[in-house]
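Below you'll find the structure, written out as structure tokens, and then a few comments.
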């Protein structure tokens with residue numbers, strides 16, 4: 048959903064729509080402007096962010112929305128706001144901005160739940176603008192069978208490990224795509240900064256152990272899988288592919304859990 052929240056510059060609004068017409072939606076293959084619902088309600092003109100979030104949440108039932116506000120219209124880059132409609136944390140932890148050309152990437156990954164909102168938020172710069180990296184490193188494809196064969200070497204508590212084994216055993220793909228975390232202290236910082244958001248989860252398993260692991264630093268492979276309306280975030284030893292930490296999160300009434308670090 049693309050929401051217009053500023054009606055003082057028709058030319059800027061048309062320019063944003065033209066930008067999105069030039070971007071292909073990876074999900075549908077159509078121009079992105081045709082794949083998102085456009086909302087133009089003058090009641091939202093110059094509204095506060097609380098009013099915008101409440102309006103969109105009530106109207107759509109979505110978990111995120113794109114907003115074209117006065118800052119979008121006045122800026123040279125026409126940066127569109129991406130807003131998390133679920134969390135009750137401060138706005139600065141629920142919003143980042145993105146160039147129209149990058150909006151398709153954000154939309155597709157959030158829509159398909161390939162990437163969590165918090166991943167994009169934490170990957171944005173100090174100005175809270177997410178800019179697509181020049182070149183993404185190739186993912187590391189990890190064999191599920193190999194991970195399971197080394198499960199008895201994991202330091203993760205047995206109760207957590209048992210549930211992870213069940214989730215991995217149900218995984219339909221023989222491989223999962225993992226990404227490098229070059230220093231897990233960045234994950235630890237993410238967890239500390241967003242700890243209040245996890246309070247809204249229906250269930251969290253492995254929080255203390257995962258935070259303790261991440262605070263020690265060092266590199267790891269990170270992958271996520273969905274299982275039984277929840278999400279597992281798993282850290283592996285890069286050399287042995289032994290599970291070093293595992294975090295399960297489950298949001299009430301949603302198949303996707305709270306954000307995971309990049």
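Residue numbers (this note's numbering): 48 to 309.
From the three backbone atoms N, C-alpha and C, an ideal C-beta is built for every residue, glycine too.
Handout entry: Buried versus exposed call for residue 271 [16 or more other C-beta atoms within 10 Å across all chains shown]
Key = buried
Handout entry: Bridge partners - residue 226, DSSP secondary structure assignment
Key = 269
Problem - Unbroken stretches of the alpha helix (DSSP H), 4 residues or longer, contained in the stretch 111-141 - result: 117-121
Problem - Segment limits, beta strand (DSSP E) that includes residue 250 - result: 250-252
Exercise for the section: Helix, strand or coil for residue 145, going by three-state DSSP, please let me know. Expected result: strand
Exercise for the section: Go through its chain and collect everything with a Cβ distance to residue 285's Cβ below 7 angstroms, but skip five positions before and after it. Expected result: 266, 267, 268
Exercise for the section: Could you tell me whether the stretch 272-291 touches the stretch 201-212, using the rule of 3 or more Cβ pairs below 8 angstroms? Expected result: yes
Handout entry: Run of the alpha helix (DSSP H) containing residue 208, from where it starts to where it stops
Key = 205-216
Exercise for the section: Could you name the residues that DSSP lists as bridge partners for residue 164? Expected result: Bridge partners of residue 164: none, in fact.
Handout entry: Neighbour-count burial assignment, residue 168, 16 or more Cβ in a 10 Å radius
Key = buried
Handout entry: Opposing strand residues paired with residue 277 [DSSP bridges]
Key = 274
Practice task
Give the straight-line distance between the Cα atoms of residue 101 and residue 287, rounded to the nearest whole angstrom.
Solution key: 47 angstroms
Exercise for the section: Pull up the DSSP beta-bridge partners for residue 50, would you. Expected result: 86, 114
Practice task
Count the C-beta pairs between the stretch 67-78 and the stretch 150-158 that are closer than 8 angstroms, then say yes if the count reaches three, no if not.
Solution key: yes
Problem - Short Cβ contact (8 angstroms threshold) for residue 147 with residue 178 - result: no
Practice task
Mark residue 227 as exposed unless 16 or more other C-beta atoms lie within 10 angstroms of its C-beta, in which case mark it buried.
Solution key: exposed
Practice task
Using 10 angstroms around the beta-carbon of residue 137, count the other beta-carbons present and answer buried if the total reaches 16, otherwise exposed.
Solution key: exposed
Practice task
Assign residue 188 to one of two classes, buried (16 or more other C-beta atoms within 10 Å of its C-beta) or exposed (fewer than that).
Solution key: exposed
Practice task
Note down the Cα distance separating residue 120 from residue 111, rounded to an integer number of angstroms.
Solution key: 20 angstroms
Handout entry: Strand pairing of residue 294, partner residues [DSSP]
Key = 280
Practice task
Determine the burial state of residue 76: buried for a count of at least 16 other Cβ atoms within 10 Å of its Cβ, exposed for fewer.
Solution key: exposed
Problem - Residue closest to residue 114, alpha-carbon to alpha-carbon, out of 193, 279, 96 - result: 96
Handout entry: Three-way DSSP call (helix, strand, coil) for residue 152 in this model
Key = helix
Exercise for the section: With DSSP as the reference, please indicate the residues paired to residue 177 in a beta bridge. Expected result: 145
Problem - Backbone secondary structure at residue 246 - three-state DSSP - result: coil
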